[in-house]
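Participant: In my numbering, the protein residues as written are 266 to 515.
For each residue, glycine too, the CB sits at the ideal point set by N, CA and C.
Treat the numbers as computed from the prediction; the structure is a model and nothing was measured.
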């Protein structure tokens with residue numbers, strides 16, 4: 266069974282040579298995707314279209330790339346005024362990565378501007394939601410997703426064809442082992458509806474769903490190589506070894 270592992274890279278500076286070396290090391294691990302986390306940078310003035318394009322050139326066309334500048338309330342490393350953050354996201358879109366990860370709760374007008382710019386530049390969108398405290402009930406999560414999809418259709422005119430291209434990302438924090446079952450169920454059910462979903466639990470107790478989510482329909486899981494970008498992130502090689510063992514007799 267084919268599955269995707271994405272390795273995140275923290276973009277801390279604009280030192281292209283240093284970042285090129287880090288990217289080369291990550292590529293040796295043969296990830297299916299790479300995520301560049303721009304919210305780790307020490308100076309947002311360094312995030313220019315030329316800089317982002319230069320980084321992209323060191324990865325594409327080898328594998329797809331996700332650009333992210335995470336909001337602080339959902340795990341981002343920098344407190345930035347939302348208007349400035351959206352401006353940065355627009356800059357990242359213009360450099361044309363394969364995917365841009367943006368928060369579902371982005372203000373309506375700003376979200377509309379990002380969606381339109383992404384369509385114009387052929388950038389696929391990952392709409393994400395992170396809960397760093399707990400895992401919600403399955404019914405609550407389903408309602409959140411249905412409401413968001415309705416917003417996409419009614420507020421931004423996304424038709425069913427475009428809706429099937431987007432990726433929904435619902436991330437939680439496991440307080441009990443049983444919490445892992447909720448994102449796994451979510452992955453199975455949404456995949457049946459031809460929706461793209463990424464869902465698992467963070468934290469030590471969430472390791473089970475981090476690994477098994479891709480065997481239940483999740484578009485990808487994240488594996489570390491050069492430092493964690495979320496609680497409980499596992500090394501890419503450990504994920505592969507575990508999945509290979511689970512699949513040996515299938």
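What is the DSSP secondary structure of residue 275, counted as helix, strand or coil?
Facilitator: As a first step, residue 275 must be located in the chain shown, where it is residue number 10. DSSP places residue 275 in strand when its eight states are reduced to three.
Participant: What is the rounded straight-line gap between the Cα of residue 500 and the Cα of residue 400?
Facilitator: Sequence index remark: in the chain shown, residue 500 carries index 235 (1-based). Sequence index remark: in the chain shown, residue 400 carries index 135 (1-based). Straight-line Cα distance between these residues: approximately 23 Å.
Participant: Rounded to whole angstroms, what's the CA-CA distance from residue 515 to residue 507? Just pull it up for me.
Facilitator: Within the chain shown, residue 515 is the residue found at index 250, counting from 1. Within the chain shown, residue 507 is the residue found at index 242, counting from 1. For residue 515, the pLDDT reaches just 49, beneath the cut-off of 50, and the residue's location in the model is therefore unreliable, although a value from the coordinates is still provided. Each residue's Cα considered, the two are about 14 Å apart.
Participant: At 4 residues or longer, what runs of the alpha helix (DSSP H) sit wholly inside the stretch 359 to 385?
Facilitator: The stretch 359 to 385 is shown to contain whole alpha helix (DSSP H) runs of 4 or more residues at 373 to 385, in chain order.
Participant: How would you label residue 475, buried or exposed, when you count the other beta carbons within 10 angstroms and need 16 or more for buried?
Facilitator: Against the chain shown, residue 475 aligns to sequence position 210. The residue in question, residue 475, is buried, as its Cβ has 16 or more Cβ neighbours within 10 Å.
Participant: Where residue 293 and residue 267 are concerned, what is the direct C-alpha to C-alpha distance, given to the nearest angstrom?
Facilitator: Along the chain shown, read from residue 1 onward, the residue named residue 293 stands at position 28. Along the chain shown, read from residue 1 onward, the residue named residue 267 stands at position 2. In a straight line, the C-alpha of residue 293 is about 19 Å away from that of residue 267.
Participant: At a cut of 8 Å, does the stretch 409 to 418 reach the stretch 439 to 448 through at least three beta carbon pairs?
Facilitator: no
Participant: Taking the beta strand (DSSP E) that residue 403 belongs to, which residues open and close that run?
Facilitator: On the chain shown, position 138 is the one that residue 403 refers to. Annotation: residue 403 is outside any beta strand (DSSP E); the continuous alpha helix (DSSP H) that includes it extends over 403 to 421.
Participant: Kindly list the residues whose CB is nearer than 6 Å to the CB of residue 304, restricted to its own chain and excluding five residues on each side of it in sequence; keep chain order.
Facilitator: One-based indexing of the chain shown puts residue 304 at position 39. Result list for residue 304: 334, 335, 341, 342 and 343, in chain order.
Participant: Using beta-carbon positions only, say whether residue 306 and residue 345 come within less than 8 Å of one another.
Facilitator: Taking the chain shown and counting its residues from 1, one reaches residue 306 at position 41. Taking the chain shown and counting its residues from 1, one reaches residue 345 at position 80. Against a cut-off of 8 Å, the Cβ pair of residue 345 and residue 306 comes out as no contact.
Participant: Per DSSP, which residues does residue 333 bridge with? Please list them.
Facilitator: Looking up residue 333 in the chain shown gives position 68. Answer is 302 and 366, bridged to residue 333.
Participant: Go through the stretch 429 to 474 residue by residue and report every complete run of the alpha helix (DSSP H) that reaches 4 residues or more, in order.
Facilitator: Whole alpha helix (DSSP H) segments, 4+ residues: 446 to 457.
Participant: Leaving out five residues before and five after residue 462 in sequence, what residues of the same chain have Cβ atoms less than 8 Å from its Cβ?
Facilitator: In the chain shown, residue 462 corresponds to position 197, counting from 1. A distance below 8 Å between beta-carbons, with the five flanking residues on each side excluded, links residue 462 to the following residues of its chain, in chain order: 432, 433, 434, 435, 451, 452, 455, 456, 482, 483 and 484.
Participant: Look at the alpha carbon of residue 404 and the alpha carbon of residue 410, and state the distance between them as a whole number of angstroms.
Facilitator: Numbered from its first residue, the chain shown carries residue 404 at position 139. Numbered from its first residue, the chain shown carries residue 410 at position 145. Roughly 10 Å separates the two Cα atoms.
Participant: Going by DSSP in three states, residue 509 sits in which element: helix, strand or coil?
Facilitator: The residue given as residue 509 occupies position 244 in the chain shown. Of the three classes helix, strand and coil, the one that applies to residue 509 here is helix, per DSSP.
Participant: Rounded to whole angstroms, what's the CA-CA distance from residue 317 to residue 295? Just pull it up for me.
Facilitator: Working through the chain shown from its first residue, we reach residue 317 at position 52. Working through the chain shown from its first residue, we reach residue 295 at position 30. Going from the Cα of residue 317 to the Cα of residue 295 covers about 22 Å.
Participant: Going by DSSP, name the residue or residues bridged to residue 390.
Facilitator: Here the question's residue 390 lines up with position 125 in the chain shown. BP columns for residue 390 point to 365.
Participant: In chain order, what residues of the same chain have a beta carbon less than 8 Å from the beta carbon of residue 487, not counting five sequence neighbours either side?
Facilitator: Within the chain shown, residue 487 is the residue found at index 222, counting from 1. Here the set comprises 270, 271, 272, 273, 300, 475, 494, 495 and 498.
Participant: For my contact list, residue 459 and residue 430 are in at a C-beta cut-off of 8 Å; report their separation, rounded to the angstrom.
Facilitator: Residue numbering aside, residue 459 sits at position 194 when the chain shown is read from its first letter. Residue numbering aside, residue 430 sits at position 165 when the chain shown is read from its first letter. Actually they are not in contact, since the Cβ atoms of residue 459 and residue 430 sit about 11 Å apart, beyond 8 Å.
Participant: Out of 395, 376 and 385, which has the shortest C-alpha to C-alpha gap to residue 361?
Facilitator: As a working mapping, residue 361 is identified with position 96 in the chain shown. Cα-wise, what sits closest to residue 361 is 385.
Participant: Quick check on residue 366: buried or exposed, where buried means 16 or more other Cβ atoms within 10 Å of its Cβ?
Facilitator: Taking the chain shown and counting its residues from 1, one reaches residue 366 at position 101. Result: buried.
Participant: Relative to the C-alpha of residue 406, which candidate in 314, 420, 369 and 373 has its C-alpha closest?
Facilitator: If you number the chain shown from 1, residue 406 lands on position 141. Taking only the C-alpha atoms, the option nearest residue 406 is 369.
Participant: Rounded C-beta distance between residue 297 and residue 331? I'm assuming under 8 Å.
Facilitator: As a working mapping, residue 297 is identified with position 32 in the chain shown. As a working mapping, residue 331 is identified with position 66 in the chain shown. At roughly 11 Å, the Cβ-Cβ gap does not stay under 8 Å, so residue 297 and residue 331 are not in contact.
Participant: Rounded to the nearest angstrom, what separates residue 379 and residue 503 at their Cα positions?
Facilitator: Here residue 379 corresponds to residue number 114 of the chain shown, with the count starting at 1. Here residue 503 corresponds to residue number 238 of the chain shown, with the count starting at 1. Taking the straight line joining both Cα atoms gives about 36 Å.
Participant: So if DSSP puts residue 488 in a beta bridge, which residue, or which two residues, is it bridged to?
Facilitator: Looking up residue 488 in the chain shown gives position 223. Answer is 499.
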